[in-house]
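Q:
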Amino acid sequence: MRSRMLLLVIAVALTASVAAGVPNATYPVSTDAICLMATAEPVINATSYNITLGITRDCITPYGFTGEPIDVTIDVTDDNGASDIATVELILSEDASISADDTVVPLTHVVDVDATTATFGATWIVPSTSGLKHVLVNATDSTGLSATNKGIEVGEIFQNPLMGFEVKDGSGTALTTVSFAASAPGTNSVASDQNTIQITNTDPDGVGMRIKVSVVGTAMTSGANEIPVSNIRVDDTQLSVTPTEIDSTIDPLALASHNFKLDYPAGLVAGTYQGGIDFEVEAI
Ligand SMILES: [Ca+2]
Ligand SMILES: [Ca+2]
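All you need for the numbering used here is the position in the sequence shown, starting with 1, plus 22.
1. Three-state secondary structure (DSSP) at Asp136?
2. Any idea what DSSP makes of Ala62, helix, strand or coil?
3. Going by beta carbon distance, what residues of the same chain come within less than 6 Å of Pro91, once the five residues before and after it are set aside?
4. Spatial neighbours of Pro287 within its chain, please: CB distance less than 8 Å, with the 5 preceding and 5 following residues excluded, ordered by chain position.
5. Take the Cβ of Ala276 as the centre, count every other Cβ of all protein chains shown within 10 Å, and call the residue buried at 16 or more, exposed below.
6. Please tell me whether, using a cut-off of 7 Å, the distance from the CB of Ile120 to the nearest non-hydrogen atom of ligand 2 is below it.
7. Under a three-way DSSP split, which group does Glu304 fall into?
8. Going by C-alpha distance, which of Cys81, Ile306, Thr141 and Ser115 is nearest Asp97?
9. Which residues are close to ligand 1, meaning CB closer than 5 Å to any heavy atom, in chain order?
10. Below 8 Å on the Cβ atoms is my guess for Gly293 versus Thr240; work out the distance and round it to an integer in Å.
11. At 3 residues or longer, and completely inside the region 258-284: list those beta strand (DSSP E) runs for me, N to C.
12. Is Pro226 closer than 8 Å to Leu184 when the C-beta atoms are compared?
13. Would you say the beta carbon of Glu307 comes nearer than 7 Å to a heavy atom of ligand 2?
14. Given the structure, does Ser115 come close to ligand 2, in the sense that its CB is under 7 Å from one of the ligand's heavy atoms?
15. Is the beta carbon of Val212 sitting closer than 8 Å to the one on Leu290?
16. Give me the Cβ distance between Gln216 and Val200, rounded to the nearest whole Å; I'm assuming they're in contact under 8 Å.
17. Just to confirm before moving on: does the CB-CB distance between Gln181 and Thr162 stay below 8 Å?
18. Check whether the Cβ atoms of Thr170 and Glu63 lie closer than 8 Å to each other.
19. Helix, strand or coil: which one does DSSP assign to Asn67?
20. In whole angstroms, what separates the C-alpha of Thr69 from that of Gly173?
21. So Leu234 packs on Glu304, CB below 8 Å; how close in whole Å?
22. Express the C-alpha separation of Val132 and Pro84 in angstroms, rounding to a whole number.
23. Excluding the five sequence neighbours on either side, which residues of its own chain have a C-beta within less than 6 Å of the C-beta of Asn72, listed in chain order?
24. Determine the contact status of Thr130 and Thr61, defining contact as a CB-CB distance below 8 Å.
25. Would you report the Cα separation of Val157 and Pro265, rounded to the nearest angstrom?
26. Is Asp124 near ligand 2, with its Cβ less than 7 Å from a heavy atom?
27. Quick one: what's got a C-beta closer than 8 Å to Ala118's C-beta in the same chain, skipping five residues either side?
28. How long is the line joining the alpha carbons of Leu197 and Ala122, rounded to whole angstroms?
29. On the DSSP letters alone, give me the boundaries of the beta strand (DSSP E) that Gly153 sits inside.
30. Terminal residues of the continuous beta strand (DSSP E) containing Met231?
31. How long is the line joining the alpha carbons of Val263 and Thr243, rounded to whole angstroms?
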């Protein structure tokens, strides 16, 4: 103890001797402080929730089909610092509360927003199950504290919604046949007896699904004779043996009207000609 005191005195004496002979002197002293912050729970910033469908679609409820990716991000704040946030999870639940049968999607750190907030995200692949899922969020920090608003619902996702449509004839009966009035060879633009054909997008799950409609046709044959498929038109679009789009968009619960027409080829042999048409409907 005595020797340490002695060393101190020598040190001060040396400092004083360096300052001697100059008009200004600096005497450095270090500072320190410990800021004690109470342990704080994470807070989920529900309004920051963002969902991006792998296949962009207009919709009321975000939806996807099996195998499609859906990207989600959300911000979480912790007053102990963004690095104190330990886990962030998306919980997909049939009801509005967290339970054992829910699907848990771990989110990973994407970027720090500021000292206390970070963005977390994941790409989730739509599984083969169907139905509406509530999207809940949970977060914990390094001390195991759960978010103050653990389980908050930030949105909904519909997995594999039903696509629904009706094809009816002009009198509102389900369409089974498209027939054309008996005509002489070379008669063009013979309207179908079933016009105007009506296609309704029924959107059974109410997700706001829009649909696109294409038609595939076959030649109409009578024995060895045929009317080429390209002689059939929907509105002004010639059909073919591959899908031909006849309606690029039918809004949910909307009805679209289309007219089938046939050009009887010149020189066609008399007979009853039969073929087939498939309506192909796709969610867009
Ligand atoms: Ca904390
Ligand atoms: Ca649940």
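Beta carbons: idealized from backbone N, C-alpha and C, even for Gly.
A: A quick look at the data gives this:
1. coil
2. coil
3. Gly76, Thr145 and Ile147
4. Pro207, Gly208, Ile249, Pro250 and Asn253
5. Result: exposed.
6. yes
7. strand
8. Thr141
9. Ala62, Asp100, Asn102, Asp106 and Asp163
10. With 8 Å as the limit, Gly293 and Thr240 do not qualify as a contact, their Cβ atoms being about 16 Å apart.
11. 266-272, 277-280 and 282-284
12. yes
13. As shown, the chain starts at 23 and ends at 306. That puts residue 307 outside it, with no answer to give.
14. yes
15. no
16. Taking 8 Å as the upper bound for CB-CB distance, Gln216 and Val200 are in contact here, some 6 Å apart.
17. no
18. yes
19. strand
20. Those two C-alpha atoms are separated by around 14 Å.
21. According to the sequence provided, residue 234 is Lys. The question's Leu does not apply to it. Glu304 and Lys234 do touch by the CB rule: their CB atoms are close to 5 Å apart, below 8 Å.
22. Distance between the alpha carbons of Pro84 and Val132: 22 Å.
23. Thr95
24. Taking 8 Å as the Cβ cut-off, Thr130 and Thr61 do not qualify as a contacting pair.
25. 37 Å
26. yes
27. His156, Leu158 and Glu175
28. 47 Å
29. Gly153 to Asp163 is the span of the beta strand (DSSP E), which, as asked, contains Gly153.
30. No beta strand (DSSP E) contains Met231, which DSSP labels as neither H nor E.
31. 14 Å
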